[in-house]
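One structure below.
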Amino acid sequence: METISQRWARFALELEYNKIPSEALKEAKRFLLDSIGCALSALNNKDTQAAYNYIQDLGGKEQATIIGWGTKANLPQAAFINSLLIRALDYNDIYWEQDPSHPSDIIPAVLSTGEFMNKNGKEVLVGIIIAYELEMRLCQAAFPGVREVGWHHATLTQLVSPVVTGRMLGLKEEEMIAAIGISGSSHFTLGGVVAGHLSNMKNAADSFAVEAGVRAALLAHKGYTGPVEIFEGKEGLFEVLDKVKWDKDILVKGLGDKFLINQCGYKAFPTEALIHQPITAVLEVMKENVVNLKEIKEVIVETTTRGADILSDPSKYKPTTKETADHSLPYCIAVAIAKRNVLPSDFEEEALGDPLVWSLLEKIKVIANPEIDALFPKVKRAIVTIKSTQGEFKKQEDFAKGQPERPLSDEELISKFRANSRKKISSSSMEAIIKATQEFENIDEVGEYMKLLSSDK
Numbered sequence: 002m003e004t005i006s007q008r009w010a011r012f013a014l015e016l017e018y019n020k021i022p023s024e025a026l027k028e029a030k031r032f033l034l035d036s037i038g039c040a041l042s043a044l045n046n047k048d049t050q051a052a053y054n055y056i057q058d059l060g061g062k063e064q065a066t067i068i069g070w071g072t073k074a075n076l077p078q079a080a081f082i083n084s085l086l087i088r089a090l091d092y093n094d095i096y097w098e099q100d101p102s103h104p105s106d107i108i109p110a111v112l113s114t115g116e117f118m119n120k121n122g123k124e125v126l127v128g129i130i131i132a133y134e135l136e137m138r139l140c141q142a143a144f145p146g147v148r149e150v151g152w153h154h155a156t157l158t159q160l161v162s163p164v165v166t167g168r169m170l171g172l173k174e175e176e177m178i179a180a181i182g183i184s185g186s187s188h189f190t191l192g193g194v195v196a197g198h199l200s201n202m203k204n205a206a207d208s209f210a211v212e213a214g215v216r217a218a219l220l221a222h223k224g225y226t227g228p229v230e231i232f233e234g235k236e237g238l239f240e241v242l243d244k245v246k247w248d249k250d251i252l253v254k255g256l257g258d259k260f261l262i263n264q265c266g267y268k269a270f271p272t273e274a275l276i277h278q279p280i281t282a283v284l285e286v287m288k289e290n291v292v293n294l295k296e297i298k299e300v301i302v303e304t305t306t307r308g309a310d311i312l313s314d315p316s317k318y319k320p321t322t323k324e325t326a327d328h329s330l331p332y333c334i335a336v337a338i339a340k341r342n343v344l345p346s347d348f349e350e351e352a353l354g355d356p357l358v359w360s361l362l363e364k365i366k367v368i369a370n371p372e373i374d375a376l377f378p379k380v381k382r383a384i385v386t387i388k389s390t391q392g393e394f395k396k397q398e399d400f401a402k403g404q405p406e407r408p409l410s411d412e413e414l415i416s417k418f419r420a421n422s423r424k425k426i427s428s429s430s431m432e433a434i435i436k437a438t439q440e441f442e443n444i445d446e447v448g449e450y451m452k453l454l455s456s457d458k
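Numbering-wise, the working numbering comes out as the position in the sequence shown, counting from 1, plus 1.
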């Protein structure tokens with residue numbers, strides 16, 4: 002019987018550009034542009050700068066370009082820091098079924114290896130499609146999701162990154178199976194990276210899983226072997242994570258017949274995904290009503306039990322780091338009320354102590370609603386009630402802006418890219434990146450595209 006690793010390897014090696022629907026290819030380019038904007042916007046983050054300095058200190062072969070800085074590093078390190086740049090602001094894509102994930106975190110494995118191997122735009126787009134397809138299937142396949150039993154979703158990413166890297170490297174089927182086994186047996190990630198007071202590891206969890214996959218594929222290319230039944234074999238993924246029930250068919254059935262990428266969402270706000278619906282509801286209340294901030298007595302946010310647990314524990318009412326703040330439901334709601342928007346600048350160090358925002362924090366109450374739990378994950382409902390001396394304002398939101406049900410238009414996505422990149426690149430560079438990404442299939446060598454991504458301001 003064919004193993005999951007065998008089926009994945011065969012799918013990844015056999016998929017052809019001309020067999021992918023045009024709407025899926027367009028979405029791959031849209032996610033690429035969104036990811037590059039997120040990366041450029043994160044260049045001044047302390048964690049990304051620390052990671053860059055670490056890589057510079059290590060030195061080594063210059064094999065792939067680092068976004069923004071324009072310097073080069075070896076493949077695993079370039080993939081790591083580019084993935085960290087995309088993830089650092091919590092502003093890149095989001096897919097959430099049984100498990101959440103950010104498939105665009107894996108794009109750097111494709112870009113870095115594609116650059117090293119002199120791949121063209123069409124081949125890189127195929128790699129991106131594979132990344133989204135396999136990652137999103139993993140998010141559907143565990144009941145409940147691995148996140149519900151204490152594991153971070155980077156545990157899933159470690160299984161996908163070696164596949165797309167292997168596609169770019171031109172691995173043989175047995176080598177790709179080995180790469181999946183090498184990475185998949187060595188890089189499980191604890192949910193503790195996103196629990197309580199959050200650190201830089203919240204941003205880097207997926208990036209380390211991407212780096213692990215690139216390294217595994219390179220090892221396999223040199224003849225290194227790994228477990229061939231890492232999913233269903235003895236003490237493999239299914240047996241070890243036995244608190245969840247796995248549906249194998251979801252992982253393999255119909256691979257290549259249709260593609261999931263168009264079901265992935267974008268982020269309209271740089272926060273944890275379950276905060277988007279409450280933010281959207283608050284902004285609609287503030288837009289539709291004249292609410293005097295001084296007269297607000299209480300703000301009640303009803304959400305899922307999981308959302309209430311991870312997003313409103315005591316540390317989230319006193320956020321002192323960017324990572325804690327963008328995973329704090331009370332903080333983000335206070336910002337939305339006070340500023341009528343939630344932007345990356347609201348999570349910079351100098352913004353975290355805003356007196357107006359803090360005056361609202363203590364008035365925000367987060368409640369787990371069992372009826373909302375029953376709808377999840379298909380519907381990620383939030384109900385916000387603002388109580389003031391003026392009266393009571395209530396709004397229910399099922400789908401946040403950016404989700405497939407309320408998609409970002411091309412114009413909105415380009416506006417987001419421009420807003421994210423304007424401090425780091427000139428207008429001419431900005432337009433060149435937009436044009437090159439929209440016409441990515443015409444690129445002869447992806448290395449030429451990577452040259453466009455250097456900061457020139």
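Just so you know, even glycine gets a beta-carbon here, dropped at the ideal spot from N, CA and C.
Please report the straight-line C-alpha distance between residue i and residue j, rounded to a whole angstrom.
| i | j | result |
| --- | --- | --- |
| aspartate 445 | aspartate 374 | 48 Å |
| isoleucine 276 | serine 113 | 32 Å |
| threonine 390 | valine 336 | 20 Å |
| valine 1 | aspartate 207 | The structure shown does not extend to residue 1, since the chain spans only 2 to 458, so no value can be given for it. |
| phenylalanine 1 | valine 161 | Absent from the model: residue 1. The displayed extent of the chain is 2 to 458, so no value can be given. |
| threonine 386 | phenylalanine 394 | 6 Å |
| alanine 142 | phenylalanine 32 | 23 Å |
| proline 163 | glutamate 176 | 10 Å |
| serine 428 | glutamate 413 | 17 Å |
| serine 84 | valine 211 | 7 Å |
| lysine 424 | aspartate 355 | 23 Å |
| isoleucine 251 | glutamate 98 | 12 Å |
| isoleucine 183 | cysteine 140 | 21 Å |
| serine 422 | asparagine 204 | 19 Å |
| glycine 185 | isoleucine 231 | 7 Å |
| glutamate 63 | leucine 219 | 15 Å |
| glutamate 24 | isoleucine 130 | 11 Å |
| glycine 122 | leucine 34 | 14 Å |
Are residue i and residue j closer than 8 Å when you measure CB to CB?
| i | j | result |
| --- | --- | --- |
| asparagine 93 | lysine 268 | yes |
| serine 200 | glutamate 3 | no |
| glycine 69 | lysine 417 | no |
| tyrosine 53 | leucine 126 | no |
| isoleucine 67 | alanine 80 | no |
| arginine 11 | glutamate 174 | yes |
| glutamine 159 | glycine 193 | no |
| leucine 256 | alanine 221 | no |
| glutamate 149 | proline 104 | no |
| alanine 110 | valine 147 | no |
| tryptophan 485 | leucine 191 | No answer is possible for residue 485: it lies beyond the span of the chain, which begins at 2 and ends at 458. |
| valine 245 | serine 6 | no |
| alanine 13 | arginine 138 | no |
| valine 195 | isoleucine 301 | no |
| glutamate 28 | isoleucine 262 | yes |
| aspartate 100 | leucine 157 | yes |
| leucine 353 | proline 320 | yes |
| proline 279 | proline 345 | no |
Judging by CA-CA distance, which residue of the options is the nearest neighbour of residue i?
| i | options | result |
| --- | --- | --- |
| lysine 259 | Arg11, Glu393, Lys20 and Ala142 | Lys20 |
| isoleucine 108 | Gly167, Gly128, Gly69 and Ile368 | Gly128 |
| asparagine 342 | Ile297, Phe377 and Lys402 | Lys402 |
| leucine 330 | Ala309, Thr321 and Ile338 | Ala309 |
| alanine 51 | Thr306, Lys62 and Leu86 | Leu86 |
| threonine 438 | Ala132, Leu454, Lys379 and Glu303 | Leu454 |
| asparagine 370 | Thr305, Asn54, Ala89 and Gln278 | Thr305 |
| methionine 451 | Glu412, Gly193, Val194 and Gly115 | Gly115 |
| lysine 298 | Lys366, Val195, Asp399 and Phe117 | Lys366 |
| threonine 281 | Leu294, Gln404 and Phe209 | Gln404 |
| glutamate 296 | Phe232, Lys317 and Ile338 | Ile338 |
| asparagine 293 | Gln278, Leu357 and Ile262 | Leu357 |
| tyrosine 96 | Tyr133, Met118, Glu449 and Gly122 | Tyr133 |
| aspartate 399 | Glu406, Arg382 and Pro408 | Arg382 |
| arginine 216 | Pro279, Ala180, Glu372 and Gly60 | Ala180 |
Counting only C-beta atoms, is residue i closer than 8 Å to chain C at any point?
| i | result |
| --- | --- |
| arginine 11 | Absent from the structure: chain C. Only one protein chain is present. |
Considering only DSSP beta bridges, list what residue i is partnered with.
| i | result |
| --- | --- |
| alanine 74 | Ala65 |
| serine 208 | Paired residues: none, contrary to the question. |
| isoleucine 397 | Checking the displayed sequence, the identity of residue 397 turns out to be glutamine instead of isoleucine. Paired residue(s): Ile384. |
| tyrosine 96 | Ser102 |
| alanine 143 | Trp247 |
| serine 455 | Gly69 |
| lysine 1 | Since the displayed the chain opens at 2 and closes at 458, residue 1 lies outside it and no answer follows. |
Please tell me whether, using a cut-off of 7 Å, the distance from the CB of residue i to the nearest non-hydrogen atom of the ligand HEM is below it.
| i | result |
| --- | --- |
| alanine 13 | This structure simply doesn't include the ligand HEM, nor any ligand for that matter. |
| Contained beta strand (DSSP E) runs [length at least 3] in the segment 343-392, N- to C-terminal order | As far as the segment 343-392 is concerned, its whole beta strand (DSSP E) runs of at least 3 residues are 365-369 and 383-389.
| At what residue ranges does the segment 266-317 contain a whole run of the alpha helix (DSSP H), taking only runs of 4 or more? | Qualifying alpha helix (DSSP H) stretches, in chain order: 277-289 and 306-312.
| message | Restricting to runs no shorter than 4 residues, where is the alpha helix (DSSP H) found entirely within the segment 3-56? | response | DSSP runs (the alpha helix (DSSP H)) wholly in the segment 3-56: 5-15 and 23-42.
| query | At which residue ranges does the segment 222-257 contain complete alpha helix (DSSP H) runs of 4 or more residues, listed in the order of the chain? | reply | Runs of the alpha helix (DSSP H) inside the segment 222-257: 238-241 and 249-253.
| field | Every unbroken alpha helix (DSSP H) inside the segment 136-207 [4 residues or more] | value | Taking 4 residues as the shortest admissible run, the segment 136-207 contains the following complete alpha helix (DSSP H) segments, listed from N- to C-terminal end: 155-170 and 174-185.
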